[in-house]
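For reference, each letter of the sequence shown is one residue, going -9 to 324 in the working numbering.
We put the CB at the ideal spot given by N, CA and C, even for glycine.
Everything below concerns the one structure shown next.
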Amino acid sequence: MDSKNTILTGDRPTGPLHIGHYVGSLKKRVELQDKYRQYVLIADMQALTDNAGNPKKVRDNVLEVALDYLAVGLDPAKSTLVVQSLVPELTELTMYYLNIVTLARLKRNPTVKDEMQQKGFGEDVPAGFLTYPVSQAADITGFKARYVPVGADQLPMLEQTNEIVDKFNSLYGREVLQRCEPLLSEVTRLPGTDGLGKMGKSTNNAVFLKDPEKTLRDKIKLMYTDPLHLKVSDPGHVEGNTVFAYLDAFDPDKGTIAELKRNYEKGGLGDVKLKDRLFEALNRELAPIRARRQEFEKDPTEILSMLRKGSLLAREAASKTLTEVREALLLFGY
Ligand code: TRP
């Protein structure tokens, strides 16, 4: 055993990953893989909790997400890439945890509440969806992850995980499960290209990592700026302007950006010029990612075999935790 701390991160495979994922978490994961033992989970079972009628979408996106991971530089020699459904130990853990979580507590999870509202679920919410935070607790504790890099929306999941950990350990009188801590990402979420709320996989307002150069250009052309900035000579608004939000995230020349903001607010700086600059900055970052993705896309069988290998390693880790949990629960051995 080495002394590296363990990190767990993950995504639901419901669509290809976008530049919001990239600045919010993927870049960070590429750094973290050098310092930690990192598991990156493609949470296909969690994706099924609200896609029961569309398993093909989930299956296809497992591969899409894996390609995005490899394209941004996650290295299977450093990070363990895992497909959740290939690790049945996590599902067994979920069943035991469900007994120490109440329905009332599940209904109080603010992230789940928001999602239920967005998706129009009422009392007829799929039980699997309402309970997915418990399955996420199994993911985190199954690998004994100490740190979970997340955005603010995932904090309720970690809180609920730690409640399960404390309850389990106190009920069964041992320190079997380990508490986790968030590694909060400092980058604020990127807005969507339409300027309406955050970028989403399925809201038609995302710039995907795999978008070809032409698509990137077209999306930037249509991007929301300032509806009151009609003529180049008009003073424009920087606040709430998507192009500036992206320039802040992707253009390293902060001095020039500050100057452009001043000129925009004064009037006389046109959107087209700004958008050209944004295209250059984004394309500089995305071109090598796109190129690497195209290389990996040539051999999907190889990707699948890498995922199977990672998932096997993950099973080894999770089955250790499961054995300890079964012992604490006084269950008979297999
Ligand atoms: N809930 C996360 C999301 O929607 C995905 C996820 C599943 C996850 N299991 C996890 C994240 C474990 C961190 C740790 O993006």
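Helix, strand or coil: how does DSSP classify residue i here?
i, result
"L(-2)", "strand"
"P217", "coil"
"S175", "coil"
"Y324", "coil"
"H227", "coil"
"I32", "strand"
"P66", "coil"
"Y137", "strand"
"V73", "strand"
"R169", "coil"
"R27", "strand"
"P290", "helix"
"F111", "coil"
"K188", "strand"
"P146", "helix"
"P181", "strand"
What's the call for residue i, buried or exposed, on a 16-neighbour Cβ count within 10 Å?
i, result
"G5", "buried"
"Y324", "exposed"
"T313", "exposed"
"V138", "buried"
"M85", "exposed"
"K288", "exposed"
"Q28", "buried"
"P45", "exposed"
"V13", "buried"
"K221", "exposed"
Give a yes or no on whether the C-beta atoms belonging to residue i and residue j are separated by under 8 Å.
i, j, result
"L180", "A239", "yes"
"D216", "K209", "no"
"V228", "K256", "no"
"N194", "P146", "no"
"C170", "T183", "no"
"T101", "D143", "yes"
"A42", "P116", "yes"
"T232", "G185", "yes"
"G10", "M189", "yes"
"L80", "V30", "no"
State whether the region 153 to 165 contacts the region 17 to 29, with contact taken as three or more CB pairs (one from each stretch) at a distance under 8 Å. In this structure the region 153 to 165 does not lie against the region 17 to 29, because fewer than three pairs of beta carbons, one per stretch, are closer than 8 Å.
Taking contact to mean 3 or more Cβ pairs, one atom from each stretch, closer than 8 Å, check whether the region 126 to 135 and the region -7 to 2 are in contact. yes
Given 8 Å, three or more beta-carbon pairs between the region 25 to 37 and the region 65 to 77: yes
If contact is defined by three or more beta carbon pairs under 8 Å, each pair taking one atom from either stretch, is the region 114 to 131 in contact with the region 271 to 286? no
Is there contact between the region 6 to 13 and the region 49 to 59, where contact requires at least three CB pairs shorter than 8 Å? yes
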